[in-house]
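The structure appears right after this line, and notes come after that.
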Amino acid sequence: MSTIVSLPDQSTARVPKRNYLTNENGLLSWLLTGDHKRIAILYLISITFFFFIGGALAGLIRMELLTPQSDLMASDTYNKIFTMHGVVMIFLFLVPSVPATLGNFLIPIMIGAKDLAFPKINLLSWYLYLAGGTMTLAAMITGGVDTGWTFTTPMSTHFSNTNVVTTGLAIFIAGFSSIFTGLNFIVTVHRMRAPGMTWFKLPLFVWANYAASVLMVLGTPVLAITLVLVVLERTVGIGVFDPTKGGDPILFQHLFWFYSHPAVYIMILPGFGVISEVISTFSRKRIFGYTAVAFSSMAIAVFGFFVWAHHMFIMGVSNYAVLVFSLLTMLVAVPSAIKIFNWAFTLYKGSITFETPMLYAFGFMGLFTIGGLTGVFLGSAGTDIHLTETYFIVAHFHFVMVGGMLMAFLSGIHFWWPKMTGRMYPEKISQLAAVVTFIGFNLTFFPQFLLGMLGMPRRYAAYPPEFQVLNVFSTAGATILGVGYLLPMIYLVWSLKYGKVAGNNPWQATGLEWQIQSPPLTENFTTIPIVTQDVYDYEWLERQKEHEVTHVG
Amino acid sequence: MSDSHAIATAESGHDHGEHPAYLRHHFVSLEQQQETASFGMWLFLLTEIMFFGGLFTAYLIYRNWYYPAFVAASHTLNIFEGSLNTLVLITSSFTMAMGVWCAETKRRQGLIISLVLTLILGLGFLGIKADEYHEKYVKHHIPGHTFNAQGFVHPDQEALKGGEKPLAPDMAAKTEVYFSLYFAMTGMHAVHMIIGIALLCGMLWKATRGGYMDGNIAYVENFGLYWHFVDIVWIFLFPLLYLISRHQ
Ligand code: HEM
Ligand SMILES: [Cu+2]
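Written out as structure tokens, the structure is:
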């Protein structure tokens, strides 16, 4: 890292010839690769594919809701569409998005390792993901599922005559993909760190993914067994959840949410990690309260397991349980708030610049905060009983998941794009895309809070005419949002060929990933680095720069 | 990947002579590789505990609710076959441990024999299990539309002598939950056994060709852990399903 200058001049700069992309050629070299970076790219392509399927379904939902009657499709088609939208978005997009793409690509590099601990298992995870995804699509094409993504019993076990079994098994398989990814990350972080890379020098992105991995490893198996029981109940008629045989549907709820509440943290924690990196880089400061942020990730992971029953306040859990789970739910808000405050303090008096990743990060902070605060309404049993199963819920989790997680994902993709591809994306249009996304998002989902408070229930194709105005706003917003998502698709692909050459460290960031060439070599590091520097040591970097200036001048 | 290895070698200045062929290039040392593999295995077993944990939770809850039905239903299990299976499985754990030891001490013959014994015992376990399942089938104790709880409402003479009490029809119906869990739990366990046996066959094939004699025994060790884990699950299943409240 000789000099630290801004973007290299395009006329002379070239993308290094030898890198992980060019190292071997041919389809097979990709399909059989053990290289974590290539697997990350495979994931990126397939996850993007499923995102657009889910997005198309969302478009259909919003089209249907444009008018109060159910005129675009019949109610049961609508049920299948929103179920598939939910299933695809949750299990095939949100859960794997950041860990499987950015995490796969970056974690080994960030800790100074040549690969993840188990490259073959890593590849296997991708195949499992693909198998699960393909089965989900097959289930959709051959008749769909109408239970909602929560597979609620006894609907799923007895009353639905749609493809519950295929979808259930698909999610089971995709679940193993997620278990293996988590397992791989945990072992890698424990065993593969370069000399000198102590736990408290780990980038916060690594901490966040580590915490999410703990959740994946402990939570996903519970979902897996629950789905197996649903499948067995449908196929061979065992009676664990079946009330006519003495089973209890509420037990399904407990088991399902024991996974699915932590799952929202599986989705959001890696996003937190991205935001920490981006904010630190573009305000050129170490994250304020680094240890607090690191520990808050772990705290979220632990508390996340004790709040599942807040999804069940109206389902016959005891008053005592409601009280306890309400309280615990409030507690999880604390570590999330710690993060928000620490990011805010980092920004304070930093030298902030507004590159695209930073714009998305700001979007994240705003939208996630709103989503999180409305979560407090839902965590309090009193208000929850009024708001649950209305559009307030839909708005709440879209603010958290789409406004939060998806913004973080886009932020991260832009931030590390130069490292992954060796090329810069076009700055102006990508800033525009970030702004369009933000506006489209708010226009889509803010009206849904109001709809929910007015009492519009979720999961119905038709609604009373007085809700139409807000729904029209929401659909219009969804269109804008769609444009906001399509733009990056186009210009990122464009940049692969025409983008400016990025150089090793376009953001002048700290972190091992910026010390190696872009795109990296297959083995990441020619010699294993010895880490002496502190994480996010921007003060040191600035001093270096001054030093160089005085030398030149 | 071979290509990249060559490059890494050239630049970091170590050559293949320094380490055995089975050291994957992303590890620094053999020790690191082996520790990593066993750490990964332990973590995987943790996920397995969570997986079975869901079933155990269900069992404990329902047992609490439908206590008389659970007691009565567990009395119908074949305790002889259950105990025999426990014995078979514990022995197989022992032969597997012998196998690991033989691999460690590079005794090829011993390794092969231990693996064969483990394989036989594993298959024996599944055979006995199949016989038990058949018995349930004959008694109409398989959940689903052929399930019949009449036997619990009107126990036969022999059972009455054995201290069995007749159950009210609605409680007797709850035995279906018990058998649902019985089949889910032992079935899951059997699936794990089948996977284990498949892996065992692969390992045996490799052992007969001189595998695991070069000090690279992480696979054998980790399989051993897996096998012991499956045994331990059974050690919990056996008393829960067969034994408790046997004599009431
Ligand atoms: C383009 C913007 C999107 C629109 C317009 C949209 C629209 C909707 C609507 C209207 C519903 C509610 C269906 C109902 O309950 O009646 C819904 C549900 C859901 N959406 Fe989206 N969505 C969008 C993007 C996303 C994204 C990007 C994700 C995830 C990354 C997502 C995840 C979900 C999930 C998990 C559900 C729950 C399904 C259910 O349980 O009903 N959505 N979406
Ligand atoms: Cu929750």
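Chains H and E, in that order, are what the protein sequence lines are. Take the first sequence: its position 304, counting from 1, is numbered 304 in the numbering used here, and each next residue is one higher. When you read off a place in the second sequence, starting at 1, and then add 553, the result is the number in the numbering used here. All residues carry an ideal CB built from backbone N, CA and C; glycine is no exception. These numbers come from a predicted model, not from an experiment.
Would you say residue i faces chain E, with C-beta separation under 8 Å as the test?
i	result
Ile-109 (chain H)	no
Thr-619 (chain H)	Nothing in the structure corresponds to residue 619 (chain H), since chain H is present only between 1 and 553.
Pro-221 (chain H)	yes
Thr-152 (chain H)	no
Ile-238 (chain H)	yes
Ala-555 (chain H)	As displayed, chain H neither begins before 1 nor continues past 553, which places residue 555 (chain H) out of reach and without an answer.
Lys-564 (chain H)	Given that chain H is displayed from residue 1 to residue 553, the structure contains no residue 564 (chain H) and the question cannot be resolved.
Ala-584 (chain H)	The shown model of chain H, from 1 to 553, leaves out residue 584 (chain H), and the question about it has no answer.
Val-435 (chain H)	no
His-398 (chain H)	no
Ile-39 (chain H)	no
Val-187 (chain H)	yes
Val-278 (chain H)	no
Arg-191 (chain H)	yes
Ala-100 (chain H)	no
Could you tell me which of the options sits nearest to residue i, measuring between CA atoms?
i	options	result
Gln-431 (chain H)	H:Ala-361, H:Leu-66 and H:Leu-204	H:Ala-361
Leu-255 (chain H)	H:Gly-271, H:Val-231, H:Ile-225 and H:Leu-269	H:Ile-225
Asn-775 (chain E)	E:Ala-590, E:Leu-583, E:Trp-618 and E:Gln-585	E:Ala-590
His-584 (chain H)	H:Leu-481, H:Leu-232 and H:Ile-314	In the structure as shown, chain H starts at 1 and stops at 553, and residue 584 (chain H) therefore has no counterpart that could be examined.
Pro-154 (chain H)	H:Phe-306, H:Ala-194, H:Ile-238 and H:Gly-103	H:Ile-238
Tyr-615 (chain E)	H:Val-145, H:Pro-249 and H:Thr-134	H:Pro-249
Thr-671 (chain E)	E:Glu-729, E:Ile-602 and E:Val-773	E:Val-773
Glu-355 (chain H)	H:Gly-54, H:Ala-299 and H:Gly-412	H:Gly-412
Arg-799 (chain E)	E:Gly-675, E:Leu-713, E:His-694 and E:His-628	E:His-628
Trp-540 (chain H)	H:Lys-285, H:Phe-272, H:Thr-181 and H:Gly-86	H:Lys-285
Leu-642 (chain E)	E:Leu-793, E:Asn-769 and E:Gly-749	E:Gly-749
Between which two residues does the alpha helix (DSSP H) containing residue i stretch?
i	result
His-261 (chain H)	249 to 283
Phe-392 (chain H)	391 to 397
Val-483 (chain H)	468 to 498
Asp-242 (chain H)	Asp-242 (chain H) -> no alpha helix (DSSP H), and no H or E assigned at all.
Asp-723 (chain E)	722 to 726
Ser-645 (chain E)	632 to 657
Arg-14 (chain H)	Run containing Arg-14 (chain H): none; DSSP gives neither H nor E here.
Asp-684 (chain E)	661 to 691
Asn-319 (chain H)	319 to 347
Tyr-615 (chain E)	583 to 618
Ser-177 (chain H)	164 to 191
Ala-702 (chain E)	No alpha helix (DSSP H) contains Ala-702 (chain E), which DSSP labels as neither H nor E.
Met-110 (chain H)	104 to 110
Trp-30 (chain H)	27 to 31
Pro-519 (chain H)	Pro-519 (chain H) -> no alpha helix (DSSP H), and no H or E assigned at all.
Asn-775 (chain E)	771 to 790
Ile-121 (chain H)	119 to 141
Ile-300 (chain H)	290 to 303
Glu-711 (chain E)	710 to 714
Near residue i, which residues of its chain fall below 8 Å by C-beta distance, leaving aside the five closest residues on each side in sequence?
i	result
Pro-108 (chain H)	His-36, Lys-114, Asp-115, Leu-116, Thr-188, Met-192 and Asn-524
Ile-287 (chain H)	Leu-204, Ser-276, Ile-279, Ser-280, Val-293, Asn-342, Trp-343, Thr-346 and Tyr-536
Leu-790 (chain E)	Met-738, Thr-739 and His-742
Ile-747 (chain E)	Leu-679
Does residue i have its Cβ less than 8 Å from a Cβ in chain H?
i	result
Ser-733 (chain E)	yes
Ala-743 (chain E)	no
Ser-557 (chain E)	Residue placement at Ser-557 (chain E) is flagged as unreliable, the pLDDT there being 32, under the threshold of 50; the coordinate-derived value follows with that caveat. Output row for Ser-557 (chain E): interface = yes.
Glu-588 (chain E)	yes
Val-706 (chain E)	no
Gln-585 (chain E)	yes
His-687 (chain E)	no
By Cβ distance below 7 Å, which residues in the same chain neighbour residue i in space, the five residues on each side in sequence not counted?
i	result
Leu-664 (chain E)	Gly-652, Cys-655, Ala-656, Ala-760 and Tyr-765
Pro-221 (chain H)	Ile-179
Asp-684 (chain E)	Glu-634
Phe-306 (chain H)	Leu-328
Gly-304 (chain H)	Leu-215, His-261, Pro-262, Tyr-265 and Val-332
His-85 (chain H)	Gly-54, Leu-57, Ala-58 and Ile-61
Considering only heavy atoms of ligand 4, does any lie closer than 7 Å to the CB of residue i?
i	result
His-261 (chain H)	Judged by which ligands are present, ligand 4 is missing from the structure shown, whose ligands are ligand 1 and ligand 2.
Could you pull out every residue in the same chain whose Cβ sits closer than 6 Å to the Cβ of residue i, ignoring the five residues on either side in sequence?
i	result
Ala-625 (chain E)	Phe-705 and Leu-720
Gly-477 (chain H)	Gly-440, Leu-443 and Thr-444
Handout entry: Every unbroken alpha helix (DSSP H) inside the segment 359 to 444 of chain H [4 residues or more]
Key = Within the segment 359 to 444 of chain H, the complete alpha helix (DSSP H) runs of at least 4 residues are 381 to 387, 391 to 397 and 407 to 421.
Practice task
Run through the segment 40 to 95 of chain H for me and flag every whole beta strand (DSSP E) of 3 or more residues, listed as ranges in chain order.
Solution key: Entirely contained in the segment 40 to 95 of chain H, not one beta strand (DSSP E) run reaches 3 residues.
Problem - In chain order, each alpha helix (DSSP H) run of at least 4 residues that lies wholly inside the segment 198 to 235 of chain H - result: For the segment 198 to 235 of chain H, whole alpha helix (DSSP H) runs of length 4 or above, ordered along the chain, are 204 to 235.
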